[in-house]
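A short worksheet on the structure shown next.
There are 4 protein chains.
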Amino acid sequence: MVRFNCDYAEGAHEEILKLMMETNMEQTPGYGADPYSEQARDLIRERCRNQEAEVQFLVGGTQTNLTVISSALRPHQCVIAPETGHINVHETGAIESCGHKVWPIPTEDGKLTAKQIWDAWESHAVNESYEHMVQPKMVYISNPTEIGTIYSRQELEELSKTCRECGLYLFMDGARLAYALTAKENDLDLAAIAQCCDVFYIGGTKVGALFGEAVVITNDTLKEDFRYIMKQKGAMLAKGRLLGIQFIGLLKNDLYFQIGDHANKMAMKLKAAFQEAGCTFLVDSPTNQQFPILPDWVLKELGENYSYSYQERIDEEHSAVRFCTSWATKEKDVDSLIQDFRRILGKNRCV
Amino acid sequence: MVRFNCDYAEGAHEEILKLMMETNMEQTPGYGADPYSEQARDLIRERCRNQEAEVQFLVGGTQTNLTVISSALRPHQCVIAPETGHINVHETGAIESCGHKVWPIPTEDGKLTAKQIWDAWESHAVNESYEHMVQPKMVYISNPTEIGTIYSRQELEELSKTCRECGLYLFMDGARLAYALTAKENDLDLAAIAQCCDVFYIGGTKVGALFGEAVVITNDTLKEDFRYIMKQKGAMLAKGRLLGIQFIGLLKNDLYFQIGDHANKMAMKLKAAFQEAGCTFLVDSPTNQQFPILPDWVLKELGENYSYSYQERIDEEHSAVRFCTSWATKEKDVDSLIQDFRRILGKNRCV
Amino acid sequence: MVRFNCDYAEGAHEEILKLMMETNMEQTPGYGADPYSEQARDLIRERCRNQEAEVQFLVGGTQTNLTVISSALRPHQCVIAPETGHINVHETGAIESCGHKVWPIPTEDGKLTAKQIWDAWESHAVNESYEHMVQPKMVYISNPTEIGTIYSRQELEELSKTCRECGLYLFMDGARLAYALTAKENDLDLAAIAQCCDVFYIGGTKVGALFGEAVVITNDTLKEDFRYIMKQKGAMLAKGRLLGIQFIGLLKNDLYFQIGDHANKMAMKLKAAFQEAGCTFLVDSPTNQQFPILPDWVLKELGENYSYSYQERIDEEHSAVRFCTSWATKEKDVDSLIQDFRRILGKNRCV
Amino acid sequence: MVRFNCDYAEGAHEEILKLMMETNMEQTPGYGADPYSEQARDLIRERCRNQEAEVQFLVGGTQTNLTVISSALRPHQCVIAPETGHINVHETGAIESCGHKVWPIPTEDGKLTAKQIWDAWESHAVNESYEHMVQPKMVYISNPTEIGTIYSRQELEELSKTCRECGLYLFMDGARLAYALTAKENDLDLAAIAQCCDVFYIGGTKVGALFGEAVVITNDTLKEDFRYIMKQKGAMLAKGRLLGIQFIGLLKNDLYFQIGDHANKMAMKLKAAFQEAGCTFLVDSPTNQQFPILPDWVLKELGENYSYSYQERIDEEHSAVRFCTSWATKEKDVDSLIQDFRRILGKNRCV
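Chains as they are written, first to last, in our numbering: chain A, 1 to 351; chain B, 352 to 702; chain C, 703 to 1053; chain D, 1054 to 1404.
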């Protein structure tokens, strides 16, 4: 069985493990006050071209989302998110558990537009019962989105502009950021993201680290006492240097982007094979998650040797599923998946 | 200016005020442990034909909703509600503030169906990531709904059956219950509601009381320690007898139902006048809230002497608005509203 | 049975009821946007000599405390309170339910001193693990305290000065404020309180209203969006004018202070009688709550005709109890209590 | 500089790192559904002699405490804890952030007694205002405590018996459990703890793991939906096998207990040296944390080469500090610390 169901099936990239081994017996202060975390912070600030950014390291994505959001909002404020957003669907109500409504906006492709933000904000602002409704104060986006799509520089700049006009914080969940920044049509970089967002994070867990997400806060208001909230939410790792070390490993020699690039290439190879066989897709994704729509009988047979994750039923005979590649995906596994897919499909068509 | 914008523009029905005056200088224990509250509880249990029901009195609707829901759910559980439900729209995130997601289901008419509940529940139960999603545990409905529609006995029984099959609590918000139970096509009564629901409330604020909602809990699990939660949420009135006295006033001689009947008659008179003029409605409501779609220029002129509440824009020239009648609505005011409406409209049509 | 166990055993002062009757059938906007609430706000601002103060009306004390505190604090911040403070003891964890720790400080007499605040604040500020501890941000005091004692002007000014130096909000719970401001040794008034506190409230429930607490916010930061939080916590009364009307009744002709004065006089009469009999007291209270320490056999016999509330066991044969007077206490009831007490005690002594 | 300020200054024990390296490139399911986590669960169930226990792995201590407690309590319920308990002092209000009061009980030695629990419980149960107070439902203890003391089997059994009589859950924080179970006077083992407690955890972070705490739930009620709460609190590690692997490493060959034994021996050596020099201690600790009271001038000089953590001021010239040993403490470092201490002290005395 080869796993394509997610991008966190293995441990860590060997470069990262190596660094952890080498430093294992050193003594350092806890909770992120160590020199490795400092060094990682510097690397990140440099890549973001923002020397004033606050950088903090947390362990996982849900934890990061709930810490950032609960740190930023007052009790009556909500966060606007795409309906498919991770915080709306796959965090067991973590944000609500911190007291805040997630305001879900339906989208075509998992992405929010500046116009949608404006409309949502205005619908609240002009409502005669505005005090009886939650007040929007933050916009949550993911890049890439949960369905693999990415934001262009122009889209992000427009979002940012609108957020600033409306007094909304813009927060980007970058759990898979490497895969967005190395997609073929991408024109964003860390510096542009740091300029557009009030807070975002560079995801490690799904990009070759054992675990770890690096939160970058550029808005001064959001920096205040952020570490208290981390501690309160159980998000301050005792041996914090483990996070610093991993991000040094990811960023020092651009390993982060090499990993993204590799996974995307593997995904594009897979995508091409599905397209060639006449498959349609739930969404046109340029990144490491692909969502082909396949006949159920093909999925069943393919599933004997390759794991994927089930997305949704399309019709009585077809389902959309997700195939993920990652830093750890071997090209030979992609090749054999393609071969087996072709063999199973035979002369049939996907649709 | 005559107010038709809501059903709580005046104080209280004179019968209720009279009772409050008569008992004013008596000394009683606080927090609902007084003989008046006991008497009101007995009256309610009797009407519900359920001698074991726990009855508690709270001050307002949002308070009641958040107290009931936070008392019933564990942290990872959510409440399913119609998208138009009061808890989803008009309570400033009160439920989320207690830690729980409101799972909104789109509806045609503000009402949930048994099938919608089943589908929602099943979509969670069969999902491979079920632990990553909130767990549905309660269904919230309003009767009448926020847009005036009502549940039939069959609809409620089916909802109840499905909820029990799925292990979901059924909770009815009865902020305007009198108006539902006295609608022409209604076939429900308090006893049937008590049998179908695990918990519901009989609203007083919008039906002639100064304030007050009577929560009726029939499910034993939900009875446990309910009063602790009331106190914690600031929902236990010190002079609790004021609530008992008001519900005695409302229920002793069926005043509650007379009030509902009066308001509905006034609303039907208004509805007929709008229909006669060719108006369409946002929804076909048999109760005290009417949602006609009217030309903006008519609304503007009408608004000089009659207040209504703005609902939503329909097209560039028409809006849906809400006219409410209540226990306090005078027939002469309805008549003059109708007359003025006809005069303003003249030979024009509504559409 | 005559009740001395609390100060909210009756309904409302007749002046207040009269005003409610007179205005009952008027139509007004809801939620405190009515002219009566505006008039009451003006009266309060005038008494506080602060034209910029935000004044909002809530229904009860626990509700007010949780609304004010959760509106003011970020998630990692706590409120310092006397160990005997209402929020620490008698609100079923309402403050914690909003996410905040109550930091209890032991006191002799229910009052906090400037030095205690400074020490608490400093113990946090200098701690090397400060981020691992809750951050103090607000100080909660009651005047009179839960055990009847009152703050002098000098004490309050010192508290205020220290709070400002430490960046702490000062919040006064004035559930029984009338009884403090009319105590013999009192040298505070509403204007002084408004100057010293960032937020406080003028209690109505225990001073002759049916219910109602008037929150006065003088600190601009705390004014922002306060009404959203009220709505979210179920603390925005639909028929908000009922609150405005009651505070007009209380303040227009200084009824509030007459009520306080009357109750204190009744309490002093009772206190003198206990003292004369050689009683000691749990605390020396100059206000409407008296805490004599009495032999259990006396309490038992007295309890047959007069209710008091049990405070705590002192030794095997003595208990401290609470006798309250109020706006509604009749002098003849105090006299007969004293007479009966003397008769029961006979030649025995209290100690 | 040699660090004795905490027991988590290094990475992980080499056995654990080795296992992580060996399994690094294997593909497994996420979130703890992998075979390594299963194997670790079996090992733990076996040591606990409880085949029905639910075992779940979390990342850190604060996270574990807040997840366990918020999973167990309803909104109005509180957890009783020693005043020095980690949840009361050093978690930035994590428990309150989940809505629950921590009820602190003063102790001599960081340990709660059965009598204290009974008294606390009874003081609530008999109070006439019981609904106005938080309801105790769980007891939190740490073993060893935050100040190094340990529970005997008899003490734990009595606590357990009382908790069951009162309907309270007993929860043991075992962040440093290895150090308790290998202390010289210890007579507890995992099986006894599993029998006495409703839920407890075996700490890894402070005992040689990179991170990780293994929660053992023996009470069926507390098992229900525990993983939902983990996910909601951000406590479900994506690459969950990392936790399973580490606990295999810790438990397979009793490494966990060897580590505990080593650290305790190092601590006893240090303790003896302090005692020999006439030092007194804040508390008599048989485990890896020692709290000597030392002259400030000695501390200053010692601090140039050895880090400790500051505990509290004793008098104008003395402070209590904490020296920790751990799995990673080298005997030669302890020896040189002792030597330097003796040299610095010279002919002076500690007191």
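Think of the CB as a built atom: it goes at the ideal place given N, C-alpha and C, for glycine as much as any other residue.
For proline 1088/D, the enclosing alpha helix (DSSP H) covers residues 1088 to 1100. Restricting attention to beta strand (DSSP E) runs no shorter than 3 residues, the region 95 to 179 of chain A encloses them at 102 to 105, 135 to 142 and 169 to 173, ordered along the chain. With a cutoff of 9 Å on beta-carbon distance, isoleucine 245/A and methionine 20/A are scored as near each other. Among the residues facing chain A, lysine 452/B is included, as its CB has a counterpart in that chain under 9 Å away. If you check the CB distance, arginine 3/A and tyrosine 310/A do not come in under 9 Å.
Residue range 660 to 664 is occupied by the beta strand (DSSP E) that includes serine 660/B, with no alpha helix (DSSP H) assigned at that position.
Secondary structure at arginine 425/B: coil, using DSSP grouped into helix, strand and coil.
Excluding residues up to 5 positions away in sequence, Asp358 and Ala614 lie with their Cβ nearer than 6 Å to the Cβ of serine 677/B in the same chain. Between glycine 1048/C and the set Asp744/C, Val1000/C and Phe873/C, the nearest pair of CA atoms involves Val1000/C. In this model, asparagine 375/B and glutamate 128/A are separated by some 37 Å (Cα to Cα). For glycine 203/A, DSSP records a beta bridge to Glu213/A. Comparing alpha-carbon positions, the option among Gln505/B, Thr500/B, Trp472/B and Ser474/B lying closest to threonine 435/B turns out to be Thr500/B.
For glutamine 467/B, not one C-beta of chain C is nearer than 9 Å to its own C-beta.
Measuring C-alpha to C-alpha distances from leucine 237/A to each of Leu1304/D, Leu1263/D and Leu1296/D identifies Leu1263/D as the nearest.
Counting of Cβ neighbours within 10 angstroms places proline 1159/D among the exposed residues, the total staying below 16.
Within the region 813 to 844 of chain C, Glu833, His834 and Gln837 place their CB atoms closer than 7 Å to a CB of chain A, listed in sequence order.
In terms of Cβ geometry, arginine 855/C and threonine 989/C do not form a close pair [threshold 9 Å]. Three or more beta-carbon pairs separated by less than 8 Å link the region 129 to 147 of chain A to the region 177 to 192 of chain A, which places the two stretches in contact. For alanine 235/A, same chain residues with a beta-carbon under 6 Å away, outside a window of 5 residues either side, are Leu58, Gln63 and Thr67 in chain order.
By alpha-carbon distance to serine 511/B, the top candidate from Arg592/B, Ser474/B, Asn699/B and Val550/B is Val550/B. In the displayed model, glutamate 405/B falls within a strand according to three-state DSSP. Closer than 9 Å to the CB of isoleucine 580/B there is at least one CB belonging to chain D. Under a 10 Å Cβ-count criterion, glutamine 289/A is classified as buried, with 16 or more other Cβ atoms of the shown protein chains found around its own Cβ. With a cutoff of 9 Å on beta-carbon distance, alanine 1267/D and leucine 1241/D are scored as not near each other.
According to the DSSP assignment, serine 677/B belongs to no alpha helix (DSSP H), since it is labelled neither H nor E.
In this structure, threonine 556/B sits near glycine 563/B, with a CB-CB distance shorter than 9 Å. The alpha-carbon of aspartate 42/A is positioned some 14 Å away from that of isoleucine 202/A. The CB of threonine 786/C never comes closer than 7 Å to any CB in chain D; the least such distance is about 13 Å.
Residue burial annotation: aspartate 1087/D is buried, with at least 16 other C-beta atoms found within 10 angstroms of its C-beta.
Restricted to the region 911 to 991 of chain C, the beta strand (DSSP E) segments that are unbroken, complete and at least 3 residues in length are 915 to 919, listed in chain order. Your pair glutamate 682/B and methionine 619/B does not check out as a contact, with CB atoms roughly 12 Å apart and the cut at 8 Å.
When Cβ-Cβ separations below 9 Å define contact, cysteine 78/A makes contact with chain B. Tyrosine 661/B has a beta carbon lying within less than 9 Å of a beta carbon in chain A. Of the other Cβ atoms in all chains shown, 16 or more fall within 10 Å of the Cβ of serine 448/B; this residue is therefore buried. CA-to-CA, the gap between arginine 49/A and alanine 893/C works out to about 52 Å. At least 9 Å separates the beta-carbon of aspartate 927/C from that of glycine 763/C.
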